[in-house]
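All remarks here apply to the structure that follows.
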Amino acid sequence: MSMLRNVTSGLRSLFRKKRVSKELDEELNGFLEMAAEEKVKEGLSPREALRAVHLERGNLEVTKEEVRKAGWESLVETVWQDLRYATRQLRANPPFTAAALFSLALGIGANTAIFQLIDAVRLRTLPVRNPQEIARVAIDHRGGRSGSFSSRYPDLTFAMWEQIREHQQGFSEVFAWGPNVFNIAPGGEVHNVQGLWVSGEFFETLGVQPALGRLLSPRDDQPGCGSPAVTISYSFWQREFGGERSVLDRTLTINRQPFRIVGVTPPNFTGVEVGRYFDLAAPLCSEPLVNGEYSQLKKRSDWWLSVMGRLNPGWSVERAAAQLRAISPALFEATLPPEFNPSNAKHFLQYKLAAVAADSGISDLRKDYEYPLWLLLGLAGLVLLIASANLANLMLARASTREREIGVRLALGAGHGRLVRQLLAESLLLALIGAALGAFLARNLGQLLVASLSTEQDPLFVDLGMDWRMLAFTTGLAVLTCILFGLAPALRATNVPPGVVLKESSRGTTAGRSRFGLRRVLVVSQIALSLTLLVGALLFVRSLNNLAGLDAGFRQNGILVVDIDFAPLNMPQDARIAFANNLLQRVRAVPGVEAAALATIVPLSGNGINHDILWGQTGEPEGDAPVALFNIVSPGYFDTLQTKILSGRDFNDHDTAGSPKAAIVDEAFAKQFAKGANPVGMTFRVRTLQTTRLYEIIGLARNSKYSDLREDFQPIVYTAKAQYEKPGTDAQILVRSRDGLIGITTAIRNTAVEVNPNMDIAFSSLRTTIEDGLLRDRLMARLSGFFAVLAVLLAVIGLYGVMSYMVAQRRNEIAIRMALGADPASIVKLVMQESGTLLLAGLAIGTVIALEGGRAARAMLFGLRPGDPLTLGTALLSLSFVALLASLLPAERASRHDPMIALRNE
Amino acid sequence: MVDKPSDLVQGTLDMLILKTLALQPMHGYGIAVRLEQMSQGVFRVNAGSLFVAFQRLQRAGLIKGEWKATENSRRAKYYALTEQGRKRLNSETRQWGRQVAAIARILEAS
Chain A
1 MSMLRNVTSG LRSLFRKKRV SKELDEELNG FLEMAAEEKV KEGLSPREAL RAVHLERGNL
61 EVTKEEVRKA GWESLVETVW QDLRYATRQL RANPPFTAAA LFSLALGIGA NTAIFQLIDA
121 VRLRTLPVRN PQEIARVAID HRGGRSGSFS SRYPDLTFAM WEQIREHQQG FSEVFAWGPN
181 VFNIAPGGEV HNVQGLWVSG EFFETLGVQP ALGRLLSPRD DQPGCGSPAV TISYSFWQRE
241 FGGERSVLDR TLTINRQPFR IVGVTPPNFT GVEVGRYFDL AAPLCSEPLV NGEYSQLKKR
301 SDWWLSVMGR LNPGWSVERA AAQLRAISPA LFEATLPPEF NPSNAKHFLQ YKLAAVAADS
361 GISDLRKDYE YPLWLLLGLA GLVLLIASAN LANLMLARAS TREREIGVRL ALGAGHGRLV
421 RQLLAESLLL ALIGAALGAF LARNLGQLLV ASLSTEQDPL FVDLGMDWRM LAFTTGLAVL
481 TCILFGLAPA LRATNVPPGV VLKESSRGTT AGRSRFGLRR VLVVSQIALS LTLLVGALLF
541 VRSLNNLAGL DAGFRQNGIL VVDIDFAPLN MPQDARIAFA NNLLQRVRAV PGVEAAALAT
601 IVPLSGNGIN HDILWGQTGE PEGDAPVALF NIVSPGYFDT LQTKILSGRD FNDHDTAGSP
661 KAAIVDEAFA KQFAKGANPV GMTFRVRTLQ TTRLYEIIGL ARNSKYSDLR EDFQPIVYTA
721 KAQYEKPGTD AQILVRSRDG LIGITTAIRN TAVEVNPNMD IAFSSLRTTI EDGLLRDRLM
781 ARLSGFFAVL AVLLAVIGLY GVMSYMVAQR RNEIAIRMAL GADPASIVKL VMQESGTLLL
841 AGLAIGTVIA LEGGRAARAM LFGLRPGDPL TLGTALLSLS FVALLASLLP AERASRHDPM
901 IALRNE
Chain B
907 MVDKPSDLVQ GTLDMLILKT LALQPMHGYG IAVRLEQMSQ GVFRVNAGSL FVAFQRLQRA
967 GLIKGEWKAT ENSRRAKYYA LTEQGRKRLN SETRQWGRQV AAIARILEAS
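If you're matching them up, the sequences are chains A and B in order. For reference, each letter of the first sequence is one residue, going 1 to 906 in my numbering. For reference, each letter of the second sequence is one residue, going 907 to 1016 in my numbering.
Next up, the structure:
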């Protein structure tokens, strides 16, 4: 109540200032007169009476001031005055204001954009009911697991999920889910969308409410499934159905199987995976319908699900984890895959379940991008520091031109604190406008960043909404920069004895050593920091070049990957190899195709197979057997990818199901197992979960990268497609072509349709797949490069400003030197010496920072180390070059001054 | 009795103003004179502190001001205690009494 009265009364004083002030006048005058009357009664003359009252009661003007100052509104008033004054000052100098706002907006914008991503990917909690109660159940395992892994989070198998649902006690509800890609085309060319397998409890547990219709419930997820239901996401609803309400009556197909659409999820819900979105959520029970013979539901060695749950009231994550641990032995006993050999089974039975908090969802992006983002935030922070130093420099320059004004005001009795406040108001105003522009810029930059990380195969969605953290971060930055660039100049400007300033003529005192010193320090630190950024950027750019230019051991350009799925043809297993070979022959006959081959694994696609290798014909290794990577290929694979066969031969038509098993190995394999000898003719055994088979090495191929460009060459075994016992229902054909990939794509599609129009077909380019794998490196190179250019630009402008200023300050001295016979060259030398000193100091400090700070980037660099001398040298040289160029301009200007003009000016 | 008028104990001015107004509404000068009279000249309040205190008390809702004519038919702003002000005065008086008694006990003990 009294708070409200205080506010309204204060507001009244603010907005009805005249009236309030008049009232106070009247009241005080009354007071004065009454007091004076009293004195007159005591026998004083009216004049004496007034004087006496003044003496006794204090000066009434002062009283008025005191009363006015006592309310909070007076503070508002002075701040308002200061801001208006600041606005006038800024408007009076458009170039300065524009430059300041531009650099601030860029600096703050870049920082905010990156922080925004960190916030969205790392800090935010899930948009579900009470997210702090959500936890993830997974195996607490060190070392490997055996089996087949799919989806981004292959935590558990379906059998385990059933057991967990049955026996856990720590959660009020649990659910299983797994991301997947769903083909919703009714046939022909594949139309993939982002899908989720979810158990019936998914939406209920998370507490998500439908935007339309209903969401999946345990009723939809019963064994057998009947005619399955599907829930679609809000964005998919808008995109594919234009937000029509009639969508509830429609069906759609996943892998040609019909699904009824029963509801739409709310717009803000994009799943429990941060950084991704989903289009469709289908019940787990429908998985066998969709995946057919590849169904993972009943396979106990297929890992494809992630389990999460909502903790019971009063249960901590630790307590739930302990309970899960306690039921682990029985659980893994019950879910042991029957095909496991004794050594695999022993491992398996030792697994323990655990629970971890998942209030901010789960994300594989975090692993890849969290550290780079923090590093980028650091780099962006340096840019902002440089921008602040630049601004401080500009403010100092302005302060020196306003020295006389400030001196006069100090002499007239202006309060020191008030003047500092006024100057700070100017900085604050700049910082706030800069921050507002920056926040606007950040939104667009953030979206651009996400878009640049998103690929067709792996689309991302990051919710970049504003939240309190973002707001606090941006405001914090604004205030911090304001203090950084505003406080020192303000204190300095008001710290001059007014007498000195007024006595000095037009020259001002800023020429004094100590005052000019601060500006030098600023320029030196700008150069140092921008060198650091430049070195960082060059490191990332060179690292990216190393990766992109790397010899992966196979041809990357002009290779088309054709994936044909003939599952709809329901072909028996023994006809599949012949069918795939037939397809291959037809593709080879397409005009423009130079070579083509079948391969189960496309190199660097992220997929892989590995098996234990037992060297020789007999004998068991002690402990764990060494493993090698596998690819199952047709004849012509090495020719298609132009990987040289160094010794022995390629597979040919004589390698058939009936002939002895043949293998081609790479150099890394030969080095590890044959100890460097030519392995052709040697034998080894491959142990899988079910069987152990003998292979003879028929060829030695050059090393190839398998799953990642950064990895060392790994031992790889190629086996013949024709000898593969369990051929699947798809043919992955690698095609090398001399023509563009687009024309040949159409021709191959037509060929496939000729063979059978009911097959699903998808195309991708090997080069694109590989480039998508370098996304993070490209991001680092681009952004750090951008920051470095910005930093160098700012630093060079700073240096130019200081040198110009120095030349202007020393005009008289230079004029006298020239009048006494110094030639222009010596004047240039004088100025260049000065800037050279600053530059050297900056470079020396910058080198130390760059060498120290470079360690933070070590893990992300490929093919070079943080202290790489060539990189450092390039950075030093190029920065020196532009810096010297920037100071040459003022130097040259100084040497062309007519000394007489300068001297007459005195 | 002290020779020179002394300063008020910090924070007591508000309470004294409230006490002064407990009997009847008064204008500023009246309050000042009354304070001096009641203290028998010990306290002399300068106009600055007095008017700042008026503003403070008004904003706290403890007193309210109204323009009226004085007995000498001059216009003056009369301050009157509000209900809230009366309550505050009572509670502060009680508290003051307790504090004074406590201080007295301490001083006598030594």
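Glycine residues also receive a C-beta, built at the ideal position from the N, C-alpha and C atoms.
Assign residue i to buried or exposed, taking buried as 16 or more other Cβ atoms, counted over all protein chains shown, within 10 Å of its Cβ.
| i | result |
| --- | --- |
| Pro283/A | buried |
| Met818/A | buried |
| Asn180/A | buried |
| Ala589/A | exposed |
| Ser506/A | Legend: pLDDT at Ser506/A = 47, less than 50; position of this residue unreliable, value from coordinates given subsequently. It counts as exposed. |
| Phe881/A | exposed |
| Thr510/A | Only weak support exists for where Thr510/A lies, its pLDDT of 43 falling under 50; the value from the coordinates is given anyway. Looking at its Cβ environment, which holds 16 or more other Cβ atoms inside 10 Å, Thr510/A is buried. |
| Trp304/A | buried |
| Glu201/A | buried |
| Gln296/A | buried |
| Pro591/A | exposed |
| Met900/A | exposed |
Given a cut-off of 7 Å, decide if residue j and residue i are closer than it, judged by their beta-carbon atoms.
| i | j | result |
| --- | --- | --- |
| Leu941/B | Val951/B | yes |
| Leu741/A | Ser704/A | no |
| Ala281/A | Leu196/A | yes |
| Asp907/A | Ser199/A | Nothing can be reported for residue 907/A, as the shown portion of chain A is limited to 1 through 906. |
| Val383/A | Leu790/A | yes |
| Asp249/A | Thr455/A | no |
| Leu24/A | Val53/A | no |
| Leu567/A | Thr769/A | For clarity, residue 567/A is Ala in the given sequence; the question names Leu instead. Against a cut-off of 7 Å, the Cβ pair of Thr769/A and Ala567/A comes out as no contact. |
| Leu569/A | Ala580/A | no |
| Ile433/A | Leu794/A | no |
| Val627/A | Asn610/A | yes |
| Thr988/B | Lys974/B | no |
Between residue i and the rest of its own chain, which residues show a CB-CB distance below 6 Å, the 5 nearest in sequence each way excluded?
| i | result |
| --- | --- |
| Leu206/A | Val128 |
| Gln941/A | Outside the shown range of chain A (1 to 906) lies residue 941/A, about which nothing can therefore be said. |
| Asp140/A | Lys352, Ala354 |
| Phe930/A | With chain A covering 1 to 906 only, the question about residue 930/A has no answer from this structure. |
In its own chain, which residues sit with a C-beta less than 7 Å from the C-beta of residue i, not counting the 5 before and 5 after it?
| i | result |
| --- | --- |
| Gly71/A | Gly10, Ser13 |
| Pro267/A | Ala211, Tyr234 |
| Gly935/A | With chain A represented from 1 up to 906, any question about residue 935/A goes unanswered, as that position is not in the structure. |
| Gly446/A | Ala113, Gln116, Leu117, Leu464 |
Name the residue from the options whose alpha carbon lies nearest to the alpha carbon of residue i.
| i | options | result |
| --- | --- | --- |
| His396/A | Arg519/A, Leu382/A, Leu448/A | With the sequence shown as reference, residue 396/A is identified as Leu, and His is not the correct amino acid for it. The residue with the shortest Cα to Cα distance from Leu396/A is Arg519/A. |
| Ala229/A | Ser21/A, Ile632/A, Ser286/A, Gln809/A | Ser286/A |
| Asn93/A | Arg398/A, Pro337/A, Ala322/A | Arg398/A |
| Ala959/B | Met900/A, Val67/A, Tyr706/A | Val67/A |
| Ala358/A | Ala628/A, Val848/A, Asn750/A, Asn130/A | Asn130/A |
| Thr656/A | Ala722/A, Arg145/A, Gly821/A, Leu709/A | Ala722/A |
| Phe540/A | Lys671/A, Ala856/A, Ala387/A | Ala856/A |
| Trp80/A | Leu429/A, Phe102/A, Gly699/A, Arg16/A | Leu429/A |
| Pro888/A | Leu432/A, Gln833/A, Glu813/A, Ala701/A | The question names Pro, but residue 888/A in the sequence shown is Leu. Considering only alpha carbons, the answer is Gln833/A. |
| Leu879/A | Tyr294/A, Leu838/A, Glu622/A | Leu838/A |
| Asn390/A | Leu375/A, Leu349/A, Ser316/A, Pro489/A | Pro489/A |
| Tyr984/B | Glu972/B, Lys993/B, Arg992/B | Glu972/B |
Could you name the residues of the same chain whose beta carbon sits closer than 8 Å to that of residue i, not counting the 5 residues immediately before and after it, in chain order?
| i | result |
| --- | --- |
| Glu73/A | Gly10, Leu11, Ser13, Leu14 |
| Ala596/A | Leu584, Val587, Arg588, Gly636, Thr640, Ile733, Leu734, Val735, Arg736 |
| Val40/A | Pro46, Ala49 |
| Arg896/A | Pro824 |
**Message:** Tell me whether the segment 330-338 of chain A and the segment 156-166 of chain A touch, counting them as touching only if at least three CB pairs, one residue from each stretch, are closer than 8 Å.
**Reply:** Output reads yes: the segment 156-166 of chain A touches the segment 330-338 of chain A.
**Message:** Three or more C-beta pairs under 8 Å: does that hold for the segment 460-476 of chain A against the segment 782-801 of chain A?
**Reply:** No: fewer than three Cβ pairs fall under 8 Å.
**Prompt:** Is the segment 476-486 of chain A in contact with the segment 414-422 of chain A, if contact means three or more CB pairs nearer than 8 Å?
**Reply:** They do not touch, by the three-pair rule.
**Request:** Tell me, please, whether the segment 528-547 of chain A touches the segment 830-845 of chain A by the rule of three or more beta-carbon pairs shorter than 8 Å.
**Result:** Segments in contact, yes.
**Stretch pair the segment 974-988 of chain B + the segment 87-107 of chain A: three plus CB contacts closer than 8 Å** = Pairwise C-beta distances place the segment 974-988 of chain B out of contact with the segment 87-107 of chain A, as fewer than three of them are shorter than 8 Å.
**Asked** When the Cβ atoms of the segment 670-688 of chain A are set against those of the segment 612-629 of chain A, are three or more pairs found closer than 8 Å?
**Response** Yes, they touch.
**Prompt:** Do the segment 920-927 of chain B and the segment 857-864 of chain A touch if we need at least three Cβ pairs shorter than 8 Å?
**Reply:** No, because fewer than three Cβ pairs between the segment 920-927 of chain B and the segment 857-864 of chain A fall closer than 8 Å, the two stretches do not touch.
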